[in-house]
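Right, one structure below, let's go through it.
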Amino acid sequence: MRHTESAQLWADVRHWRRSRRTLALGEALQDLYIGVFAVLMLGSMLVSVLVNLSESGDRACVAADCAAARALLPWLVVGLLLAVLWSLARMVGPVAVSPGMASWLLPSPVDRGELLRGRARGAALLASGVVAPVAAGAATLAGFGIETLVVFTACAAGVASYGVGLLAHAQAAPRTAHPACLLGPLSLVAVAAGLAAIAVSRAPEVTPSDELRWTWLVATVAAWVGVAVVLVRAGAVTARLRRRDVAPGGVLVPGRGGALATLDLALMFDVLVAHDASRRGAVRPRRGGPHGVAALVWRDVIRLRRHPGRAALLVGSLVVPYAVAAVGGRVVVVLVEVLVCFVLVVPLLTALRVLTRSAGMARMLPFGWGATRAAAIVVPGVLLVGHGLLSAAALHRTLDLPAGELVLLGAAAGLGGLAAGVRWVTGRPPDYARPLVSTPAGGVPTNLYGSVLRGFDIAVLTALPMLLAPTGAGAAASVLVSAAVLAHLCARRENST
Numbered sequence: 002m003r004h005t006e007s008a009q010l011w012a013d014v015r016h017w018r019r020s021r022r023t024l025a026l027g028e029a030l031q032d033l034y035i036g037v038f039a040v041l042m043l044g045s046m047l048v049s050v051l052v053n054l055s056e057s058g059d060r061a062c063v064a065a066d067c068a069a070a071r072a073l074l075p076w077l078v079v080g081l082l083l084a085v086l087w088s089l090a091r092m093v094g095p096v097a098v099s100p101g102m103a104s105w106l107l108p109s110p111v112d113r114g115e116l117l118r119g120r121a122r123g124a125a126l127l128a129s130g131v132v133a134p135v136a137a138g139a140a141t142l143a144g145f146g147i148e149t150l151v152v153f154t155a156c157a158a159g160v161a162s163y164g165v166g167l168l169a170h171a172q173a174a175p176r177t178a179h180p181a182c183l184l185g186p187l188s189l190v191a192v193a194a195g196l197a198a199i200a201v202s203r204a205p206e207v208t209p210s211d212e213l214r215w216t217w218l219v220a221t222v223a224a225w226v227g228v229a230v231v232l233v234r235a236g237a238v239t240a241r242l243r244r245r246d247v248a249p250g251g252v253l254v255p256g257r258g259g260a261l262a263t264l265d266l267a268l269m270f271d272v273l274v275a276h277d278a279s280r281r282g283a284v285r286p287r288r289g290g291p292h293g294v295a296a297l298v299w300r301d302v303i304r305l306r307r308h309p310g311r312a313a314l315l316v317g318s319l320v321v322p323y324a325v326a327a328v329g330g331r332v333v334v335v336l337v338e339v340l341v342c343f344v345l346v347v348p349l350l351t352a353l354r355v356l357t358r359s360a361g362m363a364r365m366l367p368f369g370w371g372a373t374r375a376a377a378i379v380v381p382g383v384l385l386v387g388h389g390l391l392s393a394a395a396l397h398r399t400l401d402l403p404a405g406e407l408v409l410l411g412a413a414a415g416l417g418g419l420a421a422g423v424r425w426v427t428g429r430p431p432d433y434a435r436p437l438v439s440t441p442a443g444g445v446p447t448n449l450y451g452s453v454l455r456g457f458d459i460a461v462l463t464a465l466p467m468l469l470a471p472t473g474a475g476a477a478a479s480v481l482v483s484a485a486v487l488a489h490l491c492a493r494r495e496n497s498t
């Protein structure tokens, strides 16, 4: 009897929602035609560019290490994308609902399996749609044949979809460690192992060749069979989901929408950090420590102890410059080191981010503005300079320079990554009080589009002296530029409260 009442109530809800549609069928078909036409046109241009780059790679990449690294490139790209995708799915939840649905529809006596199974299936299929074009592009750059490219793309898409489906099972499981939660870290470890193999010139042969064709076909079929099982069981899995399992992910939707509308990626980072902190709930307080400005430095040390994965990721990323040096990157290793440090330092600058966005909190501290910000970058700065020093041996493989200059180049690269990260974290949001630029989308602030390139400009600026003059003099010039940028950003005052 209860099942009949639930089915009738769900039928009434479905009828109410469908009777209030505002988009006509003709308008939907018109939007679909425009979208398909744009995808085909831009896709054909991208395919042409990738094919030309692949042909250039065939002519330029003739060394054994370069050829092995090129064959391993699609696996590394797909593995890194899967790690990011699965980590985001675990953080946000493959199944999430909007705050409105969480407040008025989930508490009602409806069948949650029928209500949420479409979202679980959509998330699984969306993962395959995101991974498939990236896998095809990477396989094209690696010079895969047509049959090999199709098999590789289908296998990567199936694995991505199946992984998201398993994470939906983990979301519905009790609050215990589910094996699917290890998918992201394991994929990242596999990428690190591949880069390490390239760095030591032991890259394996992983191309789906003719001898292994049937093996890869069986793996692809097995992945999609798993996807089919996940899609069939979506209703039963989502029926066990509770409101607190799906509501937190939907709360992120307004914040993500606002951040994307203003192209403020730092605001998106704030939303994700707040969501992770709310999901963690509470931490064990740590008492004691130094006084004065050193207390802010000690807080970063405690925060690093609470998140040891960030330090482990920083250590594991050392294989990237060594892999680039192994394939003959030469002075490009310096630019790669700066970019790696820039990307990995952002999670370590959460304290600086709070002091930047909450200027009132910074005024409450009994220190000067510059001293407060400088204390917030001490621990990240030490870690990045150490990272750069450890990468000096990679420069030794490609540059014939004295050891002192190589060490100076590595330290300058780490300091350049720190300057780029501080620039990204301390960037101001779009200011609509300034004069606006007239566009078809309306008035746009002058600093809106530049926010997308924020941080990368400083990374290139600090790496440019070392690229032009890979010597001690170039490293000294880069250190001066990084120090000037850090001094300016730490001393700059914010008007927000």
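Heads up: the sequence shown is residues 2 to 498, going by the numbering used here. Where a beta carbon is used, it is the ideal one built from N, C-alpha and C, also for glycine. Please read all numbers here as calculations on a predicted model, not as lab measurements.
Within 10 angstroms of its Cβ, does residue i collect 16 or more other Cβ (buried), or is it exposed?
i       : result
Trp-425 : buried
Glu-338 : buried
Ser-129 : buried
Ala-29  : exposed
His-388 : buried
Gly-123 : exposed
Pro-367 : exposed
Leu-43  : exposed
Phe-38  : exposed
Glu-406 : buried
Trp-215 : exposed
Val-132 : buried
Tyr-323 : buried
His-501 : With the chain represented from 2 up to 498, any question about residue 501 goes unanswered, as that position is not in the structure.
Thr-154 : buried
Asp-401 : exposed
Ser-483 : buried
So what does DSSP say about residue i, is it helix, strand or coil?
i       : result
Pro-446 : strand
Ser-318 : coil
Val-438 : strand
Ser-392 : coil
Pro-466 : helix
Gly-417 : helix
Thr-149 : helix
Arg-354 : helix
Ser-359 : coil
Pro-180 : helix
Leu-218 : helix
Gly-166 : helix
Thr-154 : helix
Ala-327 : helix
Arg-429 : coil
Leu-242 : coil
Give the straight-line distance between the Cα atoms of residue i and residue j, rounded to the nearest whole angstrom.
i       : j       : result
Ala-485 : Ile-459 : 11 Å
Arg-71  : Asn-53  : 15 Å
Arg-455 : Val-93  : 26 Å
Leu-116 : Ala-363 : 46 Å
Ser-162 : Val-228 : 6 Å
Thr-351 : Ser-392 : 25 Å
Glu-449 : Val-335 : According to the sequence shown, residue 449 is Leu rather than Glu. Each residue's alpha carbon lies about 30 Å from the other.
Pro-348 : Gln-31  : 43 Å
Cys-182 : Leu-74  : 25 Å
Val-190 : Gln-172 : 23 Å
Ala-224 : Gly-146 : 21 Å
Leu-47  : Leu-462 : 29 Å
Pro-466 : His-397 : 18 Å
Ser-49  : Thr-141 : 10 Å
Arg-493 : Leu-469 : 30 Å
Leu-409 : Val-386 : 10 Å
Val-226 : Gly-195 : 27 Å
Ala-84  : Ala-90  : 10 Å
Leu-487 : Gly-475 : 18 Å
Ala-420 : Val-321 : 20 Å
Val-230 : Ala-413 : 52 Å
If you follow the alpha helix (DSSP H) that residue i is part of, which residue opens it and which one closes it?
i       : result
Asp-401 : Taken as a continuous stretch (DSSP letters only), Asp-401 belongs to no alpha helix (DSSP H), as it is neither H nor E.
Ile-199 : 184 to 200
Ile-378 : Note, Ile-378: premise wrong, no alpha helix (DSSP H); not H, not E.
Arg-118 : 113 to 142
His-489 : 473 to 492
Thr-239 : 235 to 239
Phe-368 : Unbroken run through Phe-368: none, as it is neither H nor E.
Leu-454 : It is not in any alpha helix (DSSP H) - Leu-454 carries neither H nor E in the DSSP assignment.
Leu-345 : 333 to 346
Taking the runs of the alpha helix (DSSP H) that are 4 residues or longer, which of them lie wholly in the stretch 63 to 108? 65 to 93, 100 to 105
Identify every run of the alpha helix (DSSP H) within the stretch 279 to 315, keeping only runs that are complete inside it and at least 4 residues long; order them along the chain. 295 to 307
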